[in-house]
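Under full-length UniProt numbering, the letters of the sequence shown match residues 1 to 616, in that order. Think of the CB as a built atom: it goes at the ideal place given N, C-alpha and C, for glycine as much as any other residue.
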Amino acid sequence: MAKQYYSVLTNYGTQVIAGAIASKQPLQITQMAVGDGNGRATTPNSRNTGLVREVHRADISAISVDPRNDKQIIFELTIPENVGGFWIREMGIFDNQNRLVAYANCPDSFKPQLESGSGKVQVVRMILLVSSSDAITLKVDDSVIFVTRGQLTPKKITATTKNAVDETGHSHEIDKASTSQAGIVELDSSINSKAENKAATPKAVKTAYDKAEAANDNANTRVSKSGGEMTDGLKLKANYGALEKKWDYSGFYAGSATLNNEALPYFQIHIGSYGGNTAGYAKSLGFNLIDYKAYVMNWNSEGEYAGKKEILTELHRSDSVTSASSETVATSKAVKDAYDKAVDGVNKANAAQTAANKANNNAESRLLKSGGLITGDLSIRGRLTASNIIEIKEGSEKQNLDNLFGSNSVWGIQGGDKNELGLTPDMYSFGAGISLNKSGTKALLYIPHKANRSVPELWIKTHYDNNSYIPSNWAKVMMVDYIVGIPLPWMLSIVPEGFLAMQGQAFDKSRYPILAQRYPSGRLPDLRGEFIRGWDNGRGVDGGRLLLSMQGDEIKAHKHNLNVSIKNGTYVWANESSRIAGGYDGGRTNGDAMGNTGGRETRPRNIAYQYICLAG
Numbered sequence: 001m002a003k004q005y006y007s008v009l010t011n012y013g014t015q016v017i018a019g020a021i022a023s024k025q026p027l028q029i030t031q032m033a034v035g036d037g038n039g040r041a042t043t044p045n046s047r048n049t050g051l052v053r054e055v056h057r058a059d060i061s062a063i064s065v066d067p068r069n070d071k072q073i074i075f076e077l078t079i080p081e082n083v084g085g086f087w088i089r090e091m092g093i094f095d096n097q098n099r100l101v102a103y104a105n106c107p108d109s110f111k112p113q114l115e116s117g118s119g120k121v122q123v124v125r126m127i128l129l130v131s132s133s134d135a136i137t138l139k140v141d142d143s144v145i146f147v148t149r150g151q152l153t154p155k156k157i158t159a160t161t162k163n164a165v166d167e168t169g170h171s172h173e174i175d176k177a178s179t180s181q182a183g184i185v186e187l188d189s190s191i192n193s194k195a196e197n198k199a200a201t202p203k204a205v206k207t208a209y210d211k212a213e214a215a216n217d218n219a220n221t222r223v224s225k226s227g228g229e230m231t232d233g234l235k236l237k238a239n240y241g242a243l244e245k246k247w248d249y250s251g252f253y254a255g256s257a258t259l260n261n262e263a264l265p266y267f268q269i270h271i272g273s274y275g276g277n278t279a280g281y282a283k284s285l286g287f288n289l290i291d292y293k294a295y296v297m298n299w300n301s302e303g304e305y306a307g308k309k310e311i312l313t314e315l316h317r318s319d320s321v322t323s324a325s326s327e328t329v330a331t332s333k334a335v336k337d338a339y340d341k342a343v344d345g346v347n348k349a350n351a352a353q354t355a356a357n358k359a360n361n362n363a364e365s366r367l368l369k370s371g372g373l374i375t376g377d378l379s380i381r382g383r384l385t386a387s388n389i390i391e392i393k394e395g396s397e398k399q400n401l402d403n404l405f406g407s408n409s410v411w412g413i414q415g416g417d418k419n420e421l422g423l424t425p426d427m428y429s430f431g432a433g434i435s436l437n438k439s440g441t442k443a444l445l446y447i448p449h450k451a452n453r454s455v456p457e458l459w460i461k462t463h464y465d466n467n468s469y470i471p472s473n474w475a476k477v478m479m480v481d482y483i484v485g486i487p488l489p490w491m492l493s494i495v496p497e498g499f500l501a502m503q504g505q506a507f508d509k510s511r512y513p514i515l516a517q518r519y520p521s522g523r524l525p526d527l528r529g530e531f532i533r534g535w536d537n538g539r540g541v542d543g544g545r546l547l548l549s550m551q552g553d554e555i556k557a558h559k560h561n562l563n564v565s566i567k568n569g570t571y572v573w574a575n576e577s578s579r580i581a582g583g584y585d586g587g588r589t590n591g592d593a594m595g596n597t598g599g600r601e602t603r604p605r606n607i608a609y610q611y612i613c614l615a616g
């Protein structure tokens, strides 16, 4: 039994795939489309250049190598639930040049819309088989043309899952987590593990947190070995014997402390002059003491302070804010004076900064006399007359003119040897001209603005008239929109970018809005093998025709005359059973035909071109 559903490479597809293999440059297949065959089953043909009737097209959803056969490349198109309302009887894949590479038919399948009350995701799959020989074929896997949602849903994934594809679905292997990559990770409740590929559970975190809190509470009840502050005093359980302890201080004072073995523990502190009991030494160190003083502070058995202390108030103080002495102590007044002067300095500095900012902003808003960059529009009243006064590299310039009906020069740039470096537009009552020479009389571009011209026009010329701009000396530049959709003979098989081959195919009306105005149906006429004829439009030569209507071939009605010369003495048949002697008119009728030559159609001599059109 002949295969009913199959696929073929188009002539174009065979060509580009062979070229891709030869040049080792990958073929870019970007889109896939489905069609309804115009309501009928279709038969694949290598001459196809498009679907019979395309109903949906989108970028290819997935391209992959078949895990069961590494010589098969799978192309998939996923049609979502909200797209549908059509039958699927044909499919095709297209390259980045919007050309059909392969075509296939398939069993009838209706794709509903979600709004109709029944929605489904439908996947169309086409497989490109590349063998090790030179033969390259394309086939459709009949068993998986339309896959189910279950086949699209991954299986349950565990820590030991491997990459796999079977008849019921597919799964993906997950990497194990580490410090260098993300992945699946094992939980652990231990708090002494050094593993770097496991994650701690909340239980482990809570245990570690409790131990840290306990250690912190214990540390907070102790005094640091390097010193610290005790809030409740120091309690000594016993005397530690006679122990002499000395501290030496640099700067204003010297001191010593002696811990004796007495009935109750105590500290004895002496403060006095360095080198003797003289006022000179004490004062030179910053003290105003004139005699030796000793301070004894005792603690009772409970550790409470029981002695006395005296506060030194007569330090060597100074109110100066300019002194450089290292032997005096600054008073609060000196600090306040210094603070006030600092605040005053800050205020003056801020005021100076504000003035500097204003000056800088003012300067930034102005153009340097020796050059600079202007952002925004530049308005100039009057005429710039100095040479080399302005340089315009990129962008545009606007000028509001008081009189638009005189010959006003908007701007110009003059270089060496009287050659223009830019364009000089001149305004006239009938439009604007742009010249490329110093005199301004040789305008090369002209934009008219007369009231009776509703469509903008652009004219160009290579010669000029010193008296006026005369349209007869100009050539009108045609806007490209005018030729969108017009059939153009093209000498190559490859369609250039921006153009479409006129082969009866549908096109994207939203992508080509001007082309859609020319062909509202959204489909180009098929001009392959056709001649173009002028529309009759009421003349009567080819009446009854509509624009873009198709007309079959036909031979004009005519007749052929046959002259026969009869000599005397011969007989002329009058009918099947009688004859008439020469000299009488007569004839014989039978089923014989005149000899004929020719082909299967009537046509003039011609040269084959490909009809294309500008897409817009």
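In the structure shown, the three-state DSSP call for N220 is helix.
Assignment of S318 by DSSP, reduced to helix, strand and coil, places it in the strand class.
Across the structure, M479 and P489 are spaced so that their CA atoms are roughly 20 angstroms apart. Beta-bridge partners of T78 (DSSP): V123.
For S109, no alpha helix (DSSP H) run applies; the uninterrupted beta strand (DSSP E) run containing it begins and ends at 100-111, by DSSP. The distance from the Cβ of V52 to that of E90 is about 6 angstroms, consistent with a contact at the 8 angstroms cut-off.
Contact check for Y611 against L547 fails: the beta carbons are separated by 8 angstroms or more. Residue nearest to N11 within the set T354, V335, S323, I494 is I494 (criterion: CA-CA distance). Around D536, the same chain offers D542, G543, R545 as residues with beta carbons nearer than 6 angstroms, after the five sequence neighbours per side are excluded. Counting along the chain, Y611 sits inside no alpha helix (DSSP H); it lies in the beta strand (DSSP E) bounded by residues 610-614. With contacts defined as CB atoms closer than 8 angstroms, V34 and V101 fail to qualify as a contacting pair. By the beta-carbon neighbour count (other beta carbons within 10 angstroms, threshold 16), V65 is exposed. Each residue's CA atom was taken as its position, placing A516 and Y482 some 13 angstroms apart. A straight-line Cα-Cα distance of about 13 angstroms links S320 and E327. A straight-line Cα-Cα distance of about 14 angstroms links V484 and D508. Around the CB of Q122, 16 or more other CB atoms lie within 10 Å, so the residue is classed as buried. Per DSSP, I21 has no beta bridge partner at all. Look at the beta carbons and you see the stretch 54-61 not touching the stretch 17-27: under three pairs across the two are nearer than 8 angstroms.
By the beta-carbon neighbour count (other beta carbons within 10 angstroms, threshold 16), D36 is buried. Looking at the backbone, the Cα of Q31 and that of K24 are separated by about 21 angstroms. Residue burial annotation: T42 is buried, with at least 16 other C-beta atoms found within 10 angstroms of its C-beta. Note on geometry: alpha-carbon atoms of R47 and S118 lie some 37 angstroms from one another. Closest in C-alpha terms to S7, from the list A475, D175, N105, comes N105.
Membership of I88 in the beta strand (DSSP E) is indicated by the continuous run 86-95. For W490, the beta-bridge partners assigned by DSSP are Q610. According to the DSSP assignment, Q503 belongs to no alpha helix (DSSP H), since it is labelled neither H nor E. One alpha carbon belongs to T201, the other to I191, and they sit about 10 angstroms apart.
Bounds of the alpha helix (DSSP H) holding R518 are 513-518. Here DSSP, grouped into helix, strand and coil, assigns E530 to coil. DSSP, reduced to helix, strand and coil, places A212 within a helical segment of the structure shown. Distances from the alpha-carbon of K111 to those of N98, V205, I79 put I79 closest. As the crow flies, the alpha-carbon of E115 is around 30 angstroms from that of Y519. Counting along the chain, no beta strand (DSSP E) covers I191, and no H or E run does either. Note: G35 is bridge-paired with E54, E90 in the DSSP secondary-structure output. Straight-line spacing of the CA atoms in S325 and N361 works out to 46 angstroms.
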